[in-house]
Amino acid sequence: MSILVIAEHNNVELKDATRNVVAAAQAIGAEVDVLVAGFSCSDVAEAAAKLTGVRNIILAESKAYEHQLAENISALLLEVAKDYSHILAASSTMGKNLLPRVAAALDVAQISDIISVESPDTFKRPIYAGNAIATVQSAEPVNVITVRTTAFDAVSTTGAAQIIKVFNDIDCGLSAFVSDQLVESERPELGSANIVVSGGRGMGSGENFSILESLADKMGAAVGASRAAVDSGFVPNDMQVGQTGKIVAPDLYIAAGISGAIQHLAGMKDSKYIVAINNDPEAPIFQVADFGLVADLFEAIPELEAAV
Amino acid sequence: MKVLVSVKRVVDYNVKVRVNADNSGVDLSNAKMSMNPFCEIAVEEAIRLKEKGIANEVVVVSVGPKAAQDTLRTALALGADRGILVETEEQVESLGVAKVLQKVVQEEQPGLVILGKQAIDSDNNQTGQMLAALTGMGQGTFASEVLVDGESVAVTREIDGGLQTVSLKLPAIVTTDLRLNEPRYASLPNIMKAKKKPLETKTPESLGVDVKPRVKVLKVEAPEARKAGVQVNSVAELVGKLKAEAGVI
Ligand SMILES: Cc1cc2nc3c(=O)[nH]c(=O)nc-3n(C[C@H](O)[C@H](O)[C@H](O)COP(=O)(O)OP(=O)(O)OC[C@H]3O[C@@H](n4cnc5c(N)ncnc54)[C@H](O)[C@@H]3O)c2cc1C
Ligand SMILES: Nc1ncnc2c1ncn2[C@@H]1O[C@H](COP(=O)(O)O)[C@@H](O)[C@H]1O
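For the record, the sequence lines run as chains A and B. At position 116 of the first sequence (counting the first as 1) the number is 116 in full-length UniProt numbering, and the numbers step up by one without a gap. At position 159 of the second sequence (counting the first as 1) the number is 159 in full-length UniProt numbering, and the numbers step up by one without a gap.
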């Protein structure tokens, strides 16, 4: 039994999510290798080599892998992943895009978004927007799994794995990268921040989000949003927290002007402490909040910023 | 170009489901069922392609029990031309659905297949990517914009860091994200007309697909409930509690 973890990166930096996925792999309990597929990404391989408890880094560098196109990377995986009992990736847009393609090519089921490892073939995962938790057992020869990173504590970086280069260069010719529009931010990443401050429709406009941003900067927090705030064009899509957006579980989640629809709760209800600020005392968000403040957010947020 | 759209019948997104007392699953008796919201967006996108003259036929397919006919009729009322129900009482997993769809793709030869990115019951987010692998097509997942241009399609994808645009050779697979479009409502005359549109029934067996589950559900539990919280009366009180009780700031 051995496990292959797909590293999450942008060719320059290894993303924190990989550390959580390696932790999930260690919970399964077998030798863990990490695949770094990309272009000019040796720094990423060096960083991955430091992850505690990893045996080998498999480094595949090619133009074909630069943008993580699922068609090409899954073809690569069919070459390099033959002997593994488990293939794991984060339940990020990268992992969700790639692993089902790999699983189908191997004619095995894929298990999405696990939150715990019960045994090497048995896992827990949320279904119905987290309103139920299923324990599932796979009988497949290869377990292809995406991991909810917030459910596993990141491994540390005391390792010294060996880097093994492979020279595959598979371009299926089915897809091509055109462009990307990435949101640059100095703030911590939503998925791994200790504090998240989120705004909803109650923020009223994109400009008004500046009061949340300013609070976030004072607290060292990431900024999130509800779908309504994203749909209304207040903020970009990558800030959406929820069933179909990002899952967060910080020590402190502050929801301002968010009603608390099940789809939003699915993305944040595993936070350690939840604060809700809403001027409607009946808002469902108060049912999950540890500390609820019935107030106008335009008064409460600046006051909070002054007080922390 | 023919567009194939795959739609799933699921519990309505407004229903808060409860786990069965025997932990075998969730209780859906009497629950309102609807078309999966991401599939509504897929149907809408296909109809818009037809309205723009890019598509000439929209075929909708669903894998599920007899009642999934209602979901297909809804899609027909929205403007799809023809429906295919692949009828089974089995809870078909994403891989099984993808295999069924692969056969339908072989028969129908669509130029584009549109699916939802995720079914809100299983929360799997797998079927489109699996179908892409099985048919050897390119995949544009989590789409917020789809531009068909002759032999290829440009798909803008919602990814964790922002947006990414890829170009795929046609035929291709697209899965929809929430911001791709705003689905229309069906008008009463169109609901009436939809009753006369063709709806064909097949079975997984007639397509030669084994849809037996590969993964066993051992149990289904309710998530841990959060402890009831407290109401604070001022920001000062809130900050006090966050510091002293929670120790998070
Ligand atoms: C398939 C599907 C998937 C979805 N996925 C997600 C998802 O991933 N994430 C997500 O968030 N949603 C998701 N949704 C949408 C979800 O159902 C809700 O519509 C959405 O979460 C509502 O956002 P909101 O709370 O910001 O807006 P609203 O529900 O409109 O709430 C706004 C709140 O702001 C309060 N407010 C207004 N003004 C003030 C003020 N001045 N001070 C204080 N409070 C104020 C109001 O009292 C109200 O409670 C999904 C829906 C569907 C159908
Ligand atoms: N039983 C089904 N019948 C038709 N389409 C389905 C079915 N299951 C999944 N799909 C399609 O695949 C998408 C993603 O579902 P999933 O991968 O199960 O989360 C859905 O939005 C549908 O378009």
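For every residue, glycine included, the Cβ atom is placed at its ideal position computed from N, Cα and C.
Proximal chain D residues relative to residue i, where beta-carbon distance stays under 9 Å
| i | result |
| --- | --- |
| threonine 165(B) | No chain D is part of this structure, whose protein chains are labelled A and B. |
Contact test: residue i Cβ vs ligand 1 heavy atom, cutoff 6 Å
| i | result |
| --- | --- |
| serine 42(A) | no |
| asparagine 237(A) | no |
| proline 37(B) | yes |
| glutamine 231(B) | no |
| isoleucine 258(A) | yes |
| glycine 245(A) | yes |
| glycine 242(A) | yes |
| aspartate 280(A) | yes |
| alanine 139(A) | no |
| glycine 200(A) | yes |
| histidine 67(A) | no |
| leucine 297(A) | yes |
| residue 309(A) | Coverage of chain A is limited to positions 1 through 308, which leaves residue 309(A) absent and any answer about it impossible. |
| glutamine 139(B) | no |
| glutamine 181(A) | no |
| glutamine 129(B) | no |
Buried versus exposed, by CB contacts within 10 Å (16 or more), residue i
| i | result |
| --- | --- |
| glutamate 245(B) | exposed |
| serine 62(B) | buried |
| methionine 137(B) | buried |
| asparagine 143(A) | buried |
| alanine 225(B) | exposed |
| tyrosine 84(A) | buried |
| lysine 15(A) | buried |
| glutamate 51(B) | exposed |
| phenylalanine 209(A) | buried |
| glycine 29(A) | exposed |
| leucine 35(A) | buried |
| proline 141(A) | exposed |
| proline 198(B) | exposed |
Cutoff 7 Å; reference residue i; Cβ partners in own chain excluding five residues on either side
| i | result |
| --- | --- |
| glycine 257(A) | Gly199, Gly200, Arg201, Gly202, Met203, Asn278 and Leu297 |
| isoleucine 285(A) | Ala255, Ile258, Ser259, Gly260, Ala276 and Asn278 |
| isoleucine 84(B) | Val59, Val61, Val104, Glu200 and Lys202 |
| glutamate 177(B) | Correcting the residue identity first, residue 177(B) is aspartate in this sequence and not glutamate. Excluding residues within five positions, the ones whose Cβ falls inside 7 Å are Lys117, Phe142, Ala143, Ser144 and Glu158. |
| asparagine 125(B) | Lys117 and Gln118 |
| proline 100(A) | Gln110 |
| serine 138(A) | Ala109, Ile111 and Asp121 |
| valine 129(B) | The sequence as given places glutamine at residue 129(B); valine does not occur at that position. Same-chain partners within the cutoff: Gln139 and Thr141. |
CB of residue i within 7 Å of CB of residue j, strictly
| i | j | result |
| --- | --- | --- |
| aspartate 171(A) | asparagine 72(A) | yes |
| valine 178(A) | serine 167(B) | yes |
| valine 65(A) | alanine 37(A) | Checking the sequence, you will find tyrosine at residue 65(A) rather than valine. A contact, by the Cβ cut-off of 7 Å. |
| arginine 148(A) | isoleucine 115(A) | yes |
| isoleucine 127(A) | serine 122(B) | yes |
| glutamine 243(A) | alanine 132(A) | no |
| methionine 35(B) | threonine 74(B) | yes |
| lysine 269(A) | aspartate 251(A) | no |
| alanine 249(A) | alanine 133(B) | no |
| threonine 127(B) | alanine 98(B) | yes |
Residue i beta carbon near ligand 3 (any heavy atom closer than 6 Å)
| i | result |
| --- | --- |
| aspartate 12(B) | Within the structure as shown, ligand 3 is missing, the only ligands being ligand 1 and ligand 2. |
Any non-hydrogen atom of ligand 2 closer than 6 Å to residue i Cβ
| i | result |
| --- | --- |
| serine 187(B) | no |
| glutamine 126(B) | yes |
| glutamine 102(B) | no |
| serine 34(B) | no |
| serine 91(A) | no |
| lysine 8(B) | yes |
Beta-carbon contacts of residue i that lie in its chain and below 6 Å, excluding the five residues immediately before and after
| i | result |
| --- | --- |
| valine 294(A) | Pro281 |
| residue 320(A) | The structure shown does not extend to residue 320(A), since chain A is modelled only from 1 through 308, so no value can be given for it. |
| residue 251(B) | With chain B covering 1 to 249 only, the question about residue 251(B) has no answer from this structure. |
| valine 232(B) | Leu238 |
| glycine 79(B) | Ile47 |
Close-in-space but distant-in-sequence residues of the same chain around residue i (CB under 8 Å, 5 per side omitted)
| i | result |
| --- | --- |
| alanine 25(A) | Ile3, Val5, Val32, His86 and Leu88 |
| aspartate 290(A) | Tyr273, Ile274 and Val275 |
| residue 255(B) | Within the shown structure, residues of chain B are numbered from 1 to 249, placing residue 255(B) beyond reach of any answer. |
| valine 44(A) | Ala7, His9, Asn11, Val12, Glu13, Leu14, Val36 and Gly38 |
| glutamate 305(A) | Ile211, Ser214, Leu215 and Lys218 |
| leucine 242(B) | Val248 and Ile249 |
Inset, instruction - Could you run through the region 232-245 of chain A and flag, in chain order, every residue whose CB is less than 8 Å away from some CB of chain B? - result: So the list reads Pro236, Asn237, Asp238, Gln243 and Thr244, given in the order they occur along the chain.
Legend entry - Contact list for the region 148-174 of chain A against chain B, Cβ threshold 9 Å: If the cut-off is 9 Å between Cβ atoms, the region 148-174 of chain A has Cys172, Gly173 and Leu174 near chain B.
Legend entry - Residues of the region 69-98 of chain A whose Cβ lies closer than 8 Å to any Cβ of chain B, in chain order: Within the region 69-98 of chain A, contact with chain B at the beta-carbon level (separation under 8 Å) is assigned to Leu69, Ala70, Glu71, Ser74, Ser92, Thr93, Met94, Lys96, Asn97 and Leu98.
Legend entry - chain A contacts from the region 105-131 of chain B (Cβ-Cβ distance under 9 Å): Taking 9 Å as the Cβ-Cβ cut-off against chain A, the residues of the region 105-131 of chain B that qualify are Lys117, Gln118, Ile120, Asp121, Ser122, Asp123, Asn124, Asn125, Gln126, Thr127, Gly128, Gln129, Met130 and Leu131.
Inset, instruction - Please name the residues in the region 211-235 of chain B whose beta-carbon is closer than 7 Å to at least one beta-carbon of chain A, in chain order. - result: Residues of the region 211-235 of chain B that bring their beta carbon within less than 7 Å of a beta carbon in chain A comprise Arg214, Val215, Lys216, Val217, Leu218, Lys219, Val220, Glu221, Ala222, Pro223, Arg226, Gly229, Val230, Gln231, Val232 and Val235, in sequence order.
Legend entry - the region 254-286 of chain A: positions lying closer than 8 Å to chain B by Cβ: Residues of the region 254-286 of chain A with a C-beta atom less than 8 Å from some C-beta of chain B are Ile262, Gln263, Lys269, Lys272, Tyr273, Ile274, Val275 and Phe286, listed in chain order.
Inset, instruction - Anything in the region 171-193 of chain B with a Cβ closer than 7 Å to a Cβ of chain A? List those residues in chain order, please. - result: Those residues of the region 171-193 of chain B that come within reach of chain A (Cβ to Cβ, closer than 7 Å) are Leu178 and Arg179.
Legend entry - Proximal residues, the region 132-144 of chain B versus chain A, C-beta separation under 9 Å: Residues Ala132, Ala133, Leu134, Gly136, Met137, Gly138, Gln139, Gly140, Thr141, Phe142 and Ser144.
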